[in-house]
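Residues in the sequence shown are numbered from 0 upward in steps of one, following numbering that gives the first Met the number 0.
Read the structure below first, then the notes.
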Amino acid sequence: MKTDIEIAQEAKIEPIIKIAEKLGLTDDDIELYGKYKCKISLDVVNNKEENKSGKLVLVTAINPTPAGEGKSTVTVGLGQALNRIGKNAVIALREPSLGPVFGMKGGAAGGGYSQVVPMEDINLHFTGDMHAITTANNLLCAAIDNHIHQGNLLKIDSRRIIFKRVMDMNDRALRDIVIGMGGKANGFVREDGFMITVASEIMAILCLAKDLKDLKERMGNILVAYNLDGIPVYAKEIGIQGAMALLMKDAIKPNLVQTLENTPAIIHGGPFANIAHGCNSIIATKTAMKLGEYTVTEAGFGADLGAEKFFDIKCRYGGLKPNCTVLVATIRAIKHHGGVKKDNLNEENIEAVKKGIKNLEKQVENIKKYGVPVIVAINKFISDTDEEIRIVKEFCDSIDIKVSLTEVWEKGGEGGIDLAKKVVETIELEQSNFSPIYDSELQIKQKIEVIAKEIYGATGVNYTSMAQKQIKELEDFKLDKLPICMAKTQYSLSDNPSLIGRPEGFEITVREIRVSNGAGFIVALTGDIMTMPGLPKVPAANKMDILENGEIVGLF
Numbered sequence: 000m001k002t003d004i005e006i007a008q009e010a011k012i013e014p015i016i017k018i019a020e021k022l023g024l025t026d027d028d029i030e031l032y033g034k035y036k037c038k039i040s041l042d043v044v045n046n047k048e049e050n051k052s053g054k055l056v057l058v059t060a061i062n063p064t065p066a067g068e069g070k071s072t073v074t075v076g077l078g079q080a081l082n083r084i085g086k087n088a089v090i091a092l093r094e095p096s097l098g099p100v101f102g103m104k105g106g107a108a109g110g111g112y113s114q115v116v117p118m119e120d121i122n123l124h125f126t127g128d129m130h131a132i133t134t135a136n137n138l139l140c141a142a143i144d145n146h147i148h149q150g151n152l153l154k155i156d157s158r159r160i161i162f163k164r165v166m167d168m169n170d171r172a173l174r175d176i177v178i179g180m181g182g183k184a185n186g187f188v189r190e191d192g193f194m195i196t197v198a199s200e201i202m203a204i205l206c207l208a209k210d211l212k213d214l215k216e217r218m219g220n221i222l223v224a225y226n227l228d229g230i231p232v233y234a235k236e237i238g239i240q241g242a243m244a245l246l247m248k249d250a251i252k253p254n255l256v257q258t259l260e261n262t263p264a265i266i267h268g269g270p271f272a273n274i275a276h277g278c279n280s281i282i283a284t285k286t287a288m289k290l291g292e293y294t295v296t297e298a299g300f301g302a303d304l305g306a307e308k309f310f311d312i313k314c315r316y317g318g319l320k321p322n323c324t325v326l327v328a329t330i331r332a333i334k335h336h337g338g339v340k341k342d343n344l345n346e347e348n349i350e351a352v353k354k355g356i357k358n359l360e361k362q363v364e365n366i367k368k369y370g371v372p373v374i375v376a377i378n379k380f381i382s383d384t385d386e387e388i389r390i391v392k393e394f395c396d397s398i399d400i401k402v403s404l405t406e407v408w409e410k411g412g413e414g415g416i417d418l419a420k421k422v423v424e425t426i427e428l429e430q431s432n433f434s435p436i437y438d439s440e441l442q443i444k445q446k447i448e449v450i451a452k453e454i455y456g457a458t459g460v461n462y463t464s465m466a467q468k469q470i471k472e473l474e475d476f477k478l479d480k481l482p483i484c485m486a487k488t489q490y491s492l493s494d495n496p497s498l499i500g501r502p503e504g505f506e507i508t509v510r511e512i513r514v515s516n517g518a519g520f521i522v523a524l525t526g527d528i529m530t531m532p533g534l535p536k537v538p539a540a541n542k543m544d545i546l547e548n549g550e551i552v553g554l555f
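Rendered as structure tokens:
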């Protein structure tokens, strides 16, 4: 079987101008980045305001195995399939981060014959959005340290600077560092650290902002530190938000590319779902909805993370009402939740399927709690057996949930036609009664406990003394009436990655609370979740190369 990059390099892709024309966009609506990429003007959404918004389909998943299970592939394949059955569909995805590209997980451009292209560009520097986010973030960091060095009129407590530097790479050595070494000319010595760019509040702001004005205002509202009197210090007091917005003037515009079958794909923003809110930008999603009859978007990792944050954070701020949810499951992941080790997932194991299907059951229940119709998509792998597939189908029938076997990795849009028809049928026949599961005006602990009990299935929540103190502080400064963004392992419904399947009788522990005041949510960190990942023993980068003729090899 050909690799993803070999398939992508053989594809007959159209000039991006033609893809834009399919969406009714003119030369004035786009800014070209070479022959196959462009940015869409922010005026497009405003100019299309009178257009009726298309239907919104969310693709999410059960808890994955460490290898990932093809959620982006199903998203792309479904978009292609919808176009094959005569629907005008647009795909809305997140941008890949270089960290997982060169690390272990891989990119986010789909796979097989359901990919977005040019995949080399998308998975690498793309249109430079990640670099703009990184630079804007680090400009603020530099300005904070410079303010202290130049006299510190705001009386910033250097021990309580909470806004960290970022880079778009997995580098564990930068998690905790000391800066300002080398004498008076280099500023004051203090502890600091790096996060990965996709965990930056600037990334979250990009994905939740309505427009450039809103982006600048949100960046000004970032809580960067506390002063010596314990009072919050905001970015706008440093006076740097205008320059930060200037660096983001192009990054805020959504990117247009295409799939292998020339389906339009808008790719913009890329926060992780285990440490951030895991959804592409509101601007991109709304643009897609104005340009297409159907918009197919995704939310990272399992429904307990990405979908929950899509519903409770993104839809809340964007005024979005999803019409249908596709829940991706693989036989491999189900067997993993039935206790099968990663190296044995290709072997038939009927009992493991019957046991692991409880994870699928819980994620179906979670989506139903939001009032959104749900369809299960079995993303077929070559190792799946007929008996294993039959068990999953019969289970879905027993709980009155539509199920579709998809082969989009192998067959592209053709392998998703059954799923596409069931999505259209569901939207036409079933009403979405979407509503978030909690009121953001509730107290912080109440909101966390709703998520933990209703979505994870926990019996309760424990808080470290530090988290208790941080909650009290946010309440004192009236910064508590925001949605919650849980930072949690993606591999389990709990905060313990080893508790697979559908664990019961467990509690989660919140060890730290942070406020992303500019983005507009409160982050609750659980378990040992890291905001700066590390590289594996053998990084994917070790297999990558570029030949003398410019051909890229080893990129998945």
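Virtual Cβ for every residue (Gly too), placed ideally from N, Cα, C.
Rounded C-alpha distance that separates ILE176 from ASN137: 15 Å
GLY553 in three-state terms, based on DSSP: coil
Pick from VAL58, TYR35, LEU41, VAL363 that is closest to PHE300, judged by C-alpha positions: VAL58
Rounded distance between the beta-carbons of ILE39 and PRO253, thought under 8 Å: 5 Å
Contacting residues, own chain, Cβ-Cβ under 7 Å from THR134 (five flanking each side not counted): LEU246
For GLY76, the first and last residue of its enclosing alpha helix (DSSP H): 70-83
Exposure of ASP475, with buried meaning 16 or more beta-carbon neighbours within 10 Å: exposed
Cα-Cα separation, PRO496 to TYR490: 5 Å
Opposing strand residues paired with TYR455 [DSSP bridges]: Answer is none; TYR455 lacks a bridge partner.
Residue from THR126, TYR293, LYS401, GLY110 whose Cα sits closest to the Cα of ILE84: TYR293
Neighbourhood of GLY186 by C-beta distance below 8 Å, restricted to the same chain and skipping five residues each side: ASP144, ASN145, ILE147, HIS148, ILE178, GLY179
Beta-bridge partners of SER515, as assigned by DSSP: PHE520
Which listed residue (ILE528, GLY355, VAL407) has its alpha carbon closest to that of VAL75: VAL407
Distance, ARG171 Cα to GLY533 Cα: 5 Å
Contacting residues, own chain, Cβ-Cβ under 6 Å from VAL197 (five flanking each side not counted): SER96, GLY269, PRO270, PHE271
Beta-carbon proximity of ASN461 to GLU393, cut-off 7 Å: no
Close Cβ partners of LEU290 (< 6 Å) along its chain, the five nearest in sequence each way excluded: LEU22, VAL89
Sub-7 Å separation of GLN362 and ALA419 beta-carbons: no
Uninterrupted beta strand (DSSP E) stretches inside the stretch 111-199 (no shorter than 3 residues): 113-116, 155-160, 164-166, 176-178, 189-191, 193-195
Nearest-angstrom beta carbon gap, ASP311 and ILE436 [assumed within contact, 8 Å]: 7 Å
Near the ligand ADP: CYS206 beta-carbon under 6 Å from a heavy atom: This structure lacks the ligand ADP, and indeed carries no ligand of any kind.
Those runs of the beta strand (DSSP E) which lie wholly inside the stretch 333-381 and span at least 3 residues: 373-378
Burial state of ARG158 (16 or more Cβ within 10 Å): exposed
For CYS37, the residue or residues it bridges with in DSSP: LEU31, LEU255
Extent of the continuous beta strand (DSSP E) run through CYS484: 483-486
7 Å Cβ cutoff met for GLY526 and GLN79: no
Chain B within 7 Å of LYS452, Cβ atoms only: This model lacks chain B altogether; it includes just one protein chain.
Burial state of ASP342 (16 or more Cβ within 10 Å): exposed
Cβ-Cβ separation, ILE281 to LYS209 (assumed contact under 8 Å), whole Å: 7 Å
Whole runs of the alpha helix (DSSP H) within the stretch 249-294, excluding any shorter than 4 residues: 281-290
Alpha-carbon to alpha-carbon, GLY317 and VAL223: 25 Å
Spatial neighbours of ILE374 in its chain, beta-carbon cut-off 8 Å, leaving aside the 5 residues before and after: CYS323, THR324, VAL325, LEU326, ILE400, LYS401, VAL402, SER403, LEU418, LYS421, VAL422, THR425
Contact set for PHE162: own chain, Cβ-Cβ below 6 Å, skip 5 residues either direction: VAL223
Inter-residue spacing [alpha-carbon to alpha-carbon] between ILE470 and ILE349: 46 Å
Per-residue DSSP class, three states only, for VAL44: helix
Where the beta strand (DSSP E) containing PRO231 begins and where it ends: 231-233
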